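Structure, as structure tokens:
2 protein chains.
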Amino acid sequence: MAQSNLLYAHSGGVTAVINASASAAIGAARGRPERIGKVFAAHRGILGVLAEDLIDTACFDEAALYRLSLRPGGVFGSCRFDLPSDDGGRVMDRLFEVFAAHGIGYFVYNGGNGSMDAVGRLGDAARERGYPLLCVGVPKTVDNDIVGTDCCPGFGSAAKFLATSMLEAGLDIRSMVGKRGSVFVMEVMGRNTGWLAAATALAAGGDPDAAPHVVLVPEAPFDEEAFLAEVRRITERLGYCAITVAEGIRRPDGGLIMEKSRDPCGYIQLGGAGSAIARMIHERLGYKHHWAIPDYLQRAAGHWLSATDHEQAMAVGRAAVELALDGHGGCFPAIRRIGDAPYRWEIGIEDAAGIANLERALPAAFVRADGLHVTAAACDYIRPLIEGEVAQATAGGLPDYGRFALPFVTRRLPAWEG
Amino acid sequence: MAQSNLLYAHSGGVTAVINASASAAIGAARGRPERIGKVFAAHRGILGVLAEDLIDTACFDEAALYRLSLRPGGVFGSCRFDLPSDDGGRVMDRLFEVFAAHGIGYFVYNGGNGSMDAVGRLGDAARERGYPLLCVGVPKTVDNDIVGTDCCPGFGSAAKFLATSMLEAGLDIRSMVGKRGSVFVMEVMGRNTGWLAAATALAAGGDPDAAPHVVLVPEAPFDEEAFLAEVRRITERLGYCAITVAEGIRRPDGGLIMEKSRDPCGYIQLGGAGSAIARMIHERLGYKHHWAIPDYLQRAAGHWLSATDHEQAMAVGRAAVELALDGHGGCFPAIRRIGDAPYRWEIGIEDAAGIANLERALPAAFVRADGLHVTAAACDYIRPLIEGEVAQATAGGLPDYGRFALPFVTRRLPAWEG
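As you go down the protein sequences, you meet chains C and Y in turn. All residue numbers for the first sequence refer to the UniProt record's numbering, where the first residue is 1 and numbers rise by one. All residue numbers for the second sequence refer to the UniProt record's numbering, where the first residue is 1 and numbers rise by one.
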């Protein structure tokens with residue numbers, strides 16, 4: 001089989017281990033010089049492909065590839081951009097012009113459910129055009145909502161950060177218990193799913209008196225009166241109550257706890273559930289209230305990576321290249337759990353097209369019957385995903401994430417009038 | 001000199017290294033059995049003294065004392081309670097009744113400026129009553145605003161967490177730069193001072209293009225138009241702008257920057273400075289906006305301690321006991337900087353009464369002339385305080401902070417009708 005070039009691109013929100021997947025994919029591609037010539041990375045995702053902003057990763061030596069694997073945020077950049085289906089094929093045409101201009105025969109696309117959809121559509125488009133492209137996805141999202149994989153790289157590290165944060169904040173607030181009663185609310189990401197919220201339950205280590213005492217997830221409609229009664233019961237018993245709130249919790253009528261807003265691209269921006277809940281408690285029950293919104297901190301915490309997550313991010317990056325070389329297009333490597341004690345996993349293959357635009361929610365068995373906490377089964381599922389620590393180099397008391405030169409490939413096409 | 005017992009108590013907000021001071025004070029007291037009999041810790045600070053809730057620390061063996069030193073939050077609890085001066089001496093009388101009932105000859109009080117004030121007043125009261133008490137303070141606050149010490153234990157670890165968070169969030173948001181421009185705002189603690197906000201400047205490592213691009217501190221009155229112009233300038237150049245906002249920033253008229261929004265019922269809700277600034281930018285400049293509020297996470301992050309901070313927390317705990325044994329009451333051990341490269345420090349003695357109810361603000365030389373960032377001098381001052389890491393035991397992917405039994409001493413007095 002002839003040699004062709006490989007292009008790697010990120011899509012959507014970045015994670016603490018997204019570069020680990022990139023590093024492993026680049027490393028795997030380099031290991032097959034008889035099949036893969038140059039290894040390019042798109043600058044800022046699919047928009048960078050359109051703009052012909054391609055980076056030649058040859059500049060990353062082995063040491064740099066290793067450092068890359070440990071750096072949070074996307075070194076090559078990312079973007080939120082869905083391939084349009086109503087533009088008469090204009091975007092798709094441009095993508096294939098860029099692929100052709102740079103001899104791309106393999107496209108490795110790192111993202112969430114929407115990006116797996118794109119993987120399927122790119123494969124279809126290649127077949128229609130008779131262009132020899134193998135397109136493979138790499139699963140990634142802190143939200144853990146990709147269908148077809150037991151877990152998603154990025155989730156374990158965010159989960160570890162949030163569980164640690166709840167553990168530590170819980171110890172803090174417990175120190176300060178007074179007569180009046182106090183509540184602490186931490187709002188976490190997860191969009192329409194409660195995986196990250198559920199992860200904070202690991203902080204309690206099975207102790208019903210330890211934080212978090214309430215975990216609100218989007219999978220359970222928010223019942224204000226039942227919730228307030230539970231907060232009151234806990235605060236009267238312990239003097240305080242620590243609560244995790246998923247950003248996407250909804251009332252029984254489906255409305256978000258805080259109004260949603262849309263950015264100009266139409267993406268819904270969620271937020272405000274944590275402060276809304278904290279204020280509600282303060283107004284209704286009179287307790288002292290604090291709230292934390294870790295926001296990007298939870299998906300960027302490279303100083304406190306899950307070793308399991310980092311290893312899985314590397315594995316799916318590597319596997320995506322191997323799948324492409326084995327002629328598997330339109331798919332992505334999925335993580336399969338094959339044992340719980342000890343935790344064991346392997347890489348399987350999942351059809352990318354089949355999962356388009358779905359979301360994997362918490363199963364009912366992971367949510368407590370009253371909808372105010374998660375179950376031991378949820379903890380059992382998440383526990384292995386946050387295990388293990390990864391040593392980071394430090395300099396001056398901060399993680400030393402290094403700096404990476406990104407040499408752009410000379411453009412060969414007219415500018416894209418995006 | 002006769003043997004008497006030592007009582008240790010926390011006051012005010014806890015920190016990630018407050019127990020390190022406790023551990024070191026207990027260890028130092030144990031080392032002088034000819035002078036110190038039992039070593040008690042008050043449960044929940046001075047309110048615990050009033051309630052006669054005393055813990056006998058003899059149950060902490062050497063291993064437990066070591067684990068104690070590494071656990072965030074106050075194991076013995078704390079409270080916010082200022083000694084009243086208008087109660088006809090009722091509270092002071094009760095404190096001395098408790099001291100007398102339990103043979104307390106040494107009182108070691110860990111806290112901020114207000115607690116140092118209390119140390120002075122307790123010493124005065126002892127002299128007036130002819131009660132043999134040596135009262136010594138232990139400086140502690142993440143706000144770093146205690147007068148008379150070069151820095152405050154607790155600050156370094158919070159500063160390290162926040163600088164790391166800004167570094168990591170900055171890498172995240174830089175990955176996602178798009179055409180529209182985006183801002184990230186992180187609100188940090190510090191009350192009326194900008195020390196913690198200034199610490200985040202270390203994340204940039206001297207690179208003017210790196211986050212944070214703007215640092216707002218209470219020492220510089222907030223100039224909305226100048227601020228927005230700077231945010232626009234930076235965002236037009238880089239595509240994004242990362243901003244640190246101290247919780248206590250104020251307008252030129254002295255008013256706090258608070259978010260004012262209306263809930264669905266039309267009630268005005270007050271929020272923090274961070275969300276107010278983020279929304280201001282969104283409304284005035286139209287940028288995509290995210291904000292993070294680490295809240296308790298920043299003062300409880302035991303998984304990412306500053307080794308310097310931990311060492312200094314131990315040193316002041318130990319020194320307080322030594323000062324008391326040397327007959328120095330009404331004072332506290334202060335940290336003196338005696339060298340910058342390499343950083344060297346020693347413990348001095350500071351008069352507790354002299355600093356009552358003051359706050360140490362950022363010096364003018366630490367704030368940039370335009371009030372929108374801090375200077376290299378501020379970074380030079382803070383840098384050594386975040387240096388070094390402390391290994392924490394982990395279990396199941398989380399810090400293993402252990403559990404501590406707190407055996408209460410049998411009460412000898414009538415209940416306190418607080």
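Ideal Cβ positions, reconstructed from N, Cα and C, are used throughout, including at glycine. As the structure is a computational prediction, the values presented were derived from the model and not from experiment.
Pair within 9 Å by beta-carbon distance, residue i and residue j
i              : j              : result
I338 (chain C) : E350 (chain C) : no
S165 (chain C) : A301 (chain Y) : yes
V108 (chain Y) : G317 (chain Y) : yes
R299 (chain Y) : Y240 (chain Y) : no
F60 (chain C)  : I18 (chain C)  : no
L65 (chain C)  : S23 (chain C)  : yes
G272 (chain Y) : E187 (chain Y) : yes
V215 (chain Y) : V183 (chain Y) : no
D53 (chain Y)  : F408 (chain Y) : yes
T149 (chain C) : A334 (chain C) : yes
R336 (chain Y) : V177 (chain C) : no
N192 (chain C) : D145 (chain C) : yes
G190 (chain Y) : G248 (chain Y) : yes
E236 (chain C) : W304 (chain C) : no
G170 (chain Y) : A210 (chain Y) : yes
G111 (chain C) : G137 (chain C) : yes
Helix, strand or coil at residue i [DSSP, three-state]
i                     : result
F404 (chain Y)        : coil
H213 (chain C)        : coil
Y267 (chain C)        : Here the model assigns Y267 (chain C) a pLDDT of 47, short of 50, so the residue's position is not dependable, and the following value carries that caveat. Of the three classes helix, strand and coil, the one that applies to Y267 (chain C) here is coil, per DSSP.
W195 (chain Y)        : helix
L398 (chain C)        : strand
T244 (chain C)        : strand
C151 (chain C)        : coil
M186 (chain C)        : strand
S261 (chain C)        : Any reading at S261 (chain C) must be qualified, since the residue scores a pLDDT of 46, below 50, and its modelled position is unreliable; no value is offered.
W304 (chain C)        : helix
S21 (chain C)         : helix
H310 (chain Y)        : helix
A391 (chain C)        : coil
F366 (chain Y)        : helix
R336 (chain C)        : strand
residue 420 (chain C) : Given a span of 1 to 418 for chain C in the structure shown, any question on residue 420 (chain C) remains unanswerable.
V136 (chain C)        : strand
A377 (chain Y)        : helix
A324 (chain C)        : helix
residue 420 (chain Y) : This structure leaves residue 420 (chain Y) out entirely; chain Y is present only between 1 and 418.
R412 (chain Y)        : coil
G317 (chain C)        : helix
L297 (chain Y)        : helix
R237 (chain Y)        : helix
L358 (chain Y)        : coil
8 Å contact criterion, which residue i and residue j should meet: CB distance rounded
i              : j              : result
A378 (chain C) : A242 (chain C) : No, A378 (chain C) and A242 (chain C) are not in contact; Cβ-Cβ is about 17 Å, not under 8 Å.
L162 (chain Y) : P294 (chain Y) : 7 Å
A158 (chain Y) : R412 (chain Y) : Between R412 (chain Y) and A158 (chain Y) the Cβ distance is about 39 Å, and since that is not below 8 Å, they are no contact.
G194 (chain C) : L297 (chain C) : No, G194 (chain C) and L297 (chain C) are not in contact; Cβ-Cβ is about 19 Å, not under 8 Å.
C79 (chain C)  : I46 (chain C)  : 7 Å
G156 (chain Y) : T308 (chain Y) : 5 Å
A203 (chain Y) : V217 (chain Y) : With 8 Å as the limit, A203 (chain Y) and V217 (chain Y) do not qualify as a contact, their Cβ atoms being about 16 Å apart.
G123 (chain C) : G12 (chain C)  : Wrong, their Cβ atoms sit about 19 Å apart, outside the cutoff.
V119 (chain Y) : A352 (chain Y) : 4 Å
R71 (chain C)  : G397 (chain C) : Going by Cβ atoms, the distance from R71 (chain C) to G397 (chain C) rounds to 17 Å, so no, they are not a contact pair.
Residue i burial status per 10 Å Cβ neighbour count (16 or more: buried)
i                     : result
residue 421 (chain Y) : Outside the shown range of chain Y (1 to 418) lies residue 421 (chain Y), about which nothing can therefore be said.
P264 (chain C)        : Because the pLDDT of P264 (chain C) is 43, which lies under 50, any placement of that residue in the model is unreliable, and the number read from its coordinates should be weighed accordingly. P264 (chain C) comes out exposed.
N357 (chain C)        : exposed
M314 (chain C)        : buried
A278 (chain C)        : buried
A226 (chain Y)        : exposed
N5 (chain C)          : buried
M92 (chain Y)         : buried
**Item:** Ranges of the beta strand (DSSP E) found wholly within the region 28-53 of chain C, counting only runs of at least 3
**Value:** Within the region 28-53 of chain C, the complete beta strand (DSSP E) runs of at least 3 residues are 36-42.
**Message:** In chain order, what are the residue ranges of uninterrupted beta strand (DSSP E) at least 3 long that sit wholly in the region 43-131 of chain Y?
**Reply:** Secondary structure remark: continuous beta strand (DSSP E) runs of at least 3 residues inside the region 43-131 of chain Y, in chain order: 54-56 and 104-111.
**Message:** For a minimum of 4 consecutive residues, which ranges assigned as the alpha helix (DSSP H) are wholly contained in the region 152-181 of chain C?
**Reply:** The region 152-181 of chain C contains these whole alpha helix (DSSP H) runs: 155-175.
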